[in-house]
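Taking the numbering used here, the leading residue of the sequence shown gets -14, the next gets one more, and so forth. Where a beta carbon is used, it is the ideal one built from N, C-alpha and C, also for glycine. These figures come from a predicted structure and were not determined experimentally. As structure tokens, the structure follows; a few thoughts come after it.
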Amino acid sequence: MAGGSRTQEQSGPPKIRVLIVDDIAETRDNLEKLLFFEKDIEVVAKAGTGREAVAMAKQYQPDVVLMDINMPDMDGIAATEAMLSQVPTVQVIMMSVQGEQDYLRRSMLAGAREFLIKPISAEELYSAIRHVYRLQSTQRRYVPSGATVDGGGAGGEQGSNGQIIAVFSPKGGVGTSTIAANLSVALRQLTGKKVALVDGNLIFGDIGVIMNLVSTKTIADLANRISELDRDLLNDVLATHASQVKILLAPPNPQTGELVTADHLRAILEALKKEFDYVVVDTQSSFQDRALAVLDLADRIVALMTLEMPCIKNIKLFLEVAELLEYPPEKTMLVLNKADNRLGIRVENVEENIQHKVMLQIPNAAHEMTLAVNQGVPLVIEKRGHETSKAIFALANTLHNGAARTANAKGGAQPAEKKQPERTGLFGRLIARR
């Protein structure tokens, strides 16, 4: 069994580093024997308990973990969750003598990438290891050199003010979640600055799935301790992506999400703004209090639209509402997502109809984007050279340059506190401004 951490020098092509976790010693030994003659695979460590596995994953930084689901001290599901929170690039293959759907579902929710039923054939084992390693290599390739798992977290200059970027569309199905996720990674890679991504869809949030992150802690944990909100609490709750973007996940179920209020969101976003250079929010498609809280606080709103008549109608209504709410014109950046000139609607005609210029177009890449989501690797990482990725980097660059100009114009002065209206809801807000 080969040992050592990833810092040791290696000769020749890198091997797939495997950690075997099983409470039965004979099973651990048999798996090691199966892998012994594979030239591209090496077993770097073996663990007999879940807790030991988590510690070994931190020490040896394996590429792949073969994890037994049934162990006495900490089962494979709990161990996987704990492991991925500390070593997010590791790929877990869950093993079980039982193939029940509930085991499979819980394993996938915990973050496992494969599920194998014992007894496992040699070919099945080799294929699974090499498959998940390919996924892992794309993630690790974009972790900044020398970065630690906790890098990029809350810990900036206390009292500094970052930029809140709300990715929003008044119509669902436009791609706000995928664009928000990819934009946050692009900002991190482009600028090297601290970036946080917030899943603002509190009922059916998808950011965890898109970013292949599982955590037992979500925005609901901050809401429950809102009076204690500080840097330490943020660091405890935020999950870390392989790109070093820090992520605040949505609640685990709708009933918990309903408990997070607009006031909670305001306090949380204000706290994040003090600790991060950029706070990207995947904003719910509505004009309810919680969505309005995000839009009010946002320095920039990336308003997404597609060339579909219902979406064009809704984006026109949103722009009218933004004007009624007295948002500055430069606050809203209209972006055409899934751009395709074969849809029978010209962008120029849309601009004339809605009286607003489309600032940027993101090409349609439905197949590639869906594949990236299913693999849990953002497109800007998986296919950085793709035209859609280039457009997202262009969006990130535009937002970054705009933020720099704003900071220079302010001369480092603190922005005036935004007064929150007493009335709630869109109707109340509009009446209050009359």
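| Asked | Found |
| --- | --- |
| Can you tell me whether M156 is buried or exposed? The criterion is at least 16 other CB atoms within 10 Å of its CB, across all chains shown. | A small correction: the amino acid at residue 156 is Lys; Met does not occupy that position in the sequence shown. Counting Cβ neighbours within 10 Å, K156 comes out buried, since at least 16 surround it. |
| Following the continuous alpha helix (DSSP H) through I211, name the residue where it begins and the one where it ends. | Segment: none, I211 is in no alpha helix (DSSP H) and carries neither H nor E. |
| For A256 and S162, what's the separation of their Cα atoms in angstroms? | 22 Å |
| Spatial neighbours of A32 within its chain, please: C-beta separation below 6 Å, excluding the five flanking residues on both sides. | V6, A38, M41 |
| Give the straight-line distance between the Cα atoms of A30 and L51, rounded to the nearest whole angstrom. | 11 Å |
| For T355, count neighbouring C-beta atoms within 10 Å of its own C-beta (all shown protein chains included) and say buried if the count is 16 or more, exposed if not. | exposed |
| From which residue to which residue does the alpha helix (DSSP H) around A239 run? | According to the sequence provided, residue 239 is Pro. The question's Ala does not apply to it. Run containing P239: 239 to 242, per the alpha helix (DSSP H) assignment. |
| Beta carbon of Y263, beta carbon of L319: below 9 Å? | no |
| Pick from R90, Q71, V72: whose alpha carbon is nearest that of M79? | R90 |
| Would you mind working out which of D325, R327, E305 sits nearest T317, comparing C-alpha positions? | E305 |
| Pick helix, strand or coil for P314, following the three-state DSSP scheme. | helix |
| Locate the beta strand (DSSP E) running through Q148, then write down its first and last residues. | 148 to 153 |
| Quick one: what's got a C-beta closer than 7 Å to N349's C-beta in the same chain, skipping five residues either side? | K323, A324, D325 |
| Quick one: residues in its chain with C-beta nearer than 7 Å to the C-beta of D8, no 5 flanking neighbours on either side, listed in chain order? | G33, T34, D53, M56, P57 |
| With E367 and A357 assumed to form a contact (beta carbons below 8 Å), what rounded beta-carbon distance in angstroms separates them? | 5 Å |
| Grab me the residues of V73's own chain with a C-beta within less than 6 Å of its C-beta, minus the 5 sequence neighbours each way, in chain order. | According to the sequence as given, residue 73 is Pro; it is not Val. Closer than 6 Å at the Cβ level, and outside the excluded window around P73, lie T225, A227. |
| Say the cut is 8 Å; is the CB of H116 nearer than that to a heavy atom of the ligand ATP? | This structure does not include the ligand ATP; it has no bound ligands of any sort. |
| Under a Cβ-count criterion, where at least 16 other Cβ atoms within 10 Å of its own Cβ denotes burial, should L292 be classed as buried or exposed? | buried |
| Pick from I300, Q174, F100, R115: whose alpha carbon is nearest that of E23? | R115 |
| For V117, name the three-state secondary structure that DSSP assigns. | helix |
| Work out the CA separation of K18 and I105 for me, nearest whole Å. | 13 Å |
| Between the beta-carbon of V77 and the beta-carbon of A95, is there less than 9 Å? | yes |
| To which residues of the same chain is L182 closer than 6 Å at the C-beta, ignoring the five residues directly before and after it? | S169, V230, I232, V265 |
| Taking the straight line between their C-alpha atoms, what separation do you get for R36 and S70? | 14 Å |
| Is the beta carbon of A235 less than 9 Å from the beta carbon of G242? | yes |
| Using the three-state DSSP reduction, which class does F261 fall into: helix, strand or coil? | coil |
| According to the neighbour-count rule (16 or more other Cβ atoms, all chains shown, within 10 Å of its Cβ), is N338 buried or exposed? | exposed |
| What separation, rounded to the nearest whole angstrom, lies between the Cα atoms of I297 and H341? | 11 Å |
| Going by DSSP, which residues form a beta bridge with F100? | M79 |
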